[in-house]
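This report concerns only the one structure given below.
Residue numbers (the working numbering), protein chains in the order written: chain A, 305 to 557; chain B, 6 to 287.
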């Protein structure tokens, strides 16, 4: 009995000391800027590899029968902003999307005009960074159509999506580069599963940037700004989660 | 069946070359990489500790494996749910106390994750960087093993070894802890070959392929990978099953090293030199 107890104690001491040395070791190693920077540079490798092997590849599209019975809403499910609430109450009849920044012709496009543009509908899989997936049908004009109207200037490299919601008190936003912006499956979805977007899913407009994880798919999009660099916008890392949670800007993996 | 170039007919007690440099190098790089991959992977699992089959899978859908915590009368328990059955895992999974004595409700406890405090983003940074080391390491090692004929010579299972009587004999010898001695210890037994082949050709490629299948960017240009596994969530499930397979291999591997003579085994995987066990009855 005492032998078992002491052995158990020994094992516990072993686990504790392994935990005591190894784990904080990894945590401490990660605090070293060079080490962390090296690990984080894998993000560039991911982007370069995926662009080299499938720059124009299309995300898989599914049949109606493959769709999730219920689509989980994530992030902000409602927007507190009074102006937004008024638009919501009016069915976004007087709402319009602004496209500005480094463009030749800043535009404001009412929601009904977005609905009147040529539409693309796609049944795609939404992959959350947490690991879950849900499949739904999204519909809206291609982002490229709006960019053709606003005409980004040559120095424009990124598009920043400013959202109407605050998440934990800070404005949500995201950004993508022009490769993803002009991708045929990148759309501004105003409809989901055949109905206008619900508030929980980002009404009136949600960016669909298939081939990237869920947090890139900005909801409640109110304004698209063409910029040369995400620096200077909010935390400067190109998105809410990039600024506030160490998440990678390139979310294709 | 001694290696070409090896001194003729080595006997028990002889010091022989066992593992070549690429094998030793890969072994240790892999040991560190797999530990980092496992622990950072468990952190990522903590973000959504449920596994599904098929293409989609989220909270509303049926999970075949789930770890969580629930109120039970006055108390609370951590649990693991598998195929509809629920086990109490309080203190281990779902509900546990961290190093500072605080109660946590994440699936996997702090001592098994990188980083030790919950951060999906930092877990991903570790995991997705070391994934390159794992994948490129395996690629180079398999290429070297093929070109140097390591696979053909040491891992290839010959038809005689597939015979049920031979397999059964090797299982009995292992169960009785009678390991090969003398010149016979120069080559792997059929169970060893099967274990190493499973790691090299099933578990490690399985980890890497299912990992790639989960990447939405990769899924766009290589959709076949995800389809082979039956969809993204199936690939995610297989990813964890392969990880458990590697953990099981690790446990048996360590047990065997300890039973076979840890110092001699350790020397051979560090320096390459291995002392052949003395023939029994000497």
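Positions of the beta carbon are idealized from the N, C-alpha and C atoms, including for glycine.
Predicted, not measured: the structure shown is a model, and the values here were computed from it.
Check whether residue i and residue j have beta carbons under 8 angstroms apart
i, j, result
"residue 435(A)", "residue 241(B)", "yes"
"residue 88(B)", "residue 69(B)", "yes"
"residue 148(B)", "residue 44(B)", "no"
"residue 462(A)", "residue 439(A)", "no"
"residue 556(A)", "residue 354(A)", "yes"
"residue 477(A)", "residue 430(A)", "no"
"residue 226(B)", "residue 518(A)", "no"
"residue 21(B)", "residue 15(B)", "yes"
"residue 528(A)", "residue 465(A)", "yes"
"residue 254(B)", "residue 208(B)", "yes"
"residue 536(A)", "residue 492(A)", "no"
"residue 544(A)", "residue 347(A)", "no"
"residue 558(A)", "residue 522(A)", "There is simply no residue 558(A) to check, as chain A begins at 305 and stops at 557 in what is shown."
"residue 80(B)", "residue 98(B)", "no"
"residue 460(A)", "residue 405(A)", "yes"
"residue 121(B)", "residue 331(A)", "yes"
"residue 446(A)", "residue 419(A)", "no"
Helix, strand or coil at residue i [DSSP, three-state]
i, result
"residue 485(A)", "helix"
"residue 439(A)", "strand"
"residue 118(B)", "coil"
"residue 282(B)", "coil"
"residue 24(B)", "coil"
"residue 459(A)", "coil"
"residue 538(A)", "coil"
"residue 6(B)", "Model confidence at residue 6(B) stands at a pLDDT of 43, short of 50, so the residue's coordinates are unreliable and nothing is read from them."
"residue 508(A)", "coil"
"residue 330(A)", "helix"
"residue 423(A)", "coil"
"residue 102(B)", "strand"
"residue 59(B)", "coil"
"residue 373(A)", "coil"
"residue 404(A)", "strand"
CB contact check: residue i to chain B, cutoff 8 angstroms
i, result
"residue 350(A)", "yes"
"residue 434(A)", "yes"
"residue 396(A)", "no"
"residue 511(A)", "no"
"residue 370(A)", "yes"
"residue 480(A)", "no"
"residue 358(A)", "yes"
"residue 362(A)", "yes"
"residue 339(A)", "no"
"residue 486(A)", "no"
Minimum Cβ-Cβ distance from residue i to chain A less than 8 angstroms
i, result
"residue 70(B)", "no"
"residue 6(B)", "Since pLDDT at residue 6(B) reaches only 43, below the 50 mark, its modelled position is unreliable, and no value is offered."
"residue 105(B)", "no"
"residue 238(B)", "yes"
"residue 1(B)", "Residue coverage of chain B in this structure runs from 6 to 287, which leaves residue 1(B) outside it and unanswerable."
"residue 110(B)", "no"
"residue 127(B)", "yes"
Beta-carbon neighbours of residue i, restricted to chain A and to distances below 7 angstroms
i, result
"residue 137(B)", "346, 349"
"residue 17(B)", "None at all; the shortest Cβ gap to chain A is about 33 angstroms."
"residue 62(B)", "436, 437"
"residue 249(B)", "Result: empty, since nearest Cβ-Cβ is about 17 angstroms, beyond 7 angstroms."
"residue 134(B)", "343, 346"
Presumed contact (8 angstroms Cβ cut-off) between residue i and residue j, rounded CB distance
i, j, result
"residue 427(A)", "residue 441(A)", "5 angstroms"
"residue 48(B)", "residue 130(B)", "That pair is no contact at about 10 angstroms."
"residue 407(A)", "residue 455(A)", "6 angstroms"
Chain B residues whose Cβ lies nearer than 9 angstroms to that of residue i
i, result
"residue 354(A)", "220, 222, 223, 225, 226"
"residue 516(A)", "221, 222"
"residue 556(A)", "220, 221, 222, 223, 225"
Chain B residues whose Cβ lies nearer than 7 angstroms to that of residue i
i, result
"residue 331(A)", "120, 121"
Within chain A, the residues that residue i reaches when beta carbons sit closer than 8 angstroms
i, result
"residue 52(B)", "433, 434, 435"
"residue 168(B)", "In chain order: nothing, as chain A lies at least about 41 angstroms away."
"residue 241(B)", "435"
"residue 49(B)", "435"
Chain A contact residues for residue i, given Cβ-Cβ distances below 9 angstroms
i, result
"residue 124(B)", "549, 550"
Contacts that residue i makes with chain B (C-beta to C-beta distance below 8 angstroms)
i, result
"residue 373(A)", "65, 66"
"residue 441(A)", "Neighbours of residue 441(A) on chain B: none; closest Cβ ~13 angstroms, over 8 angstroms."
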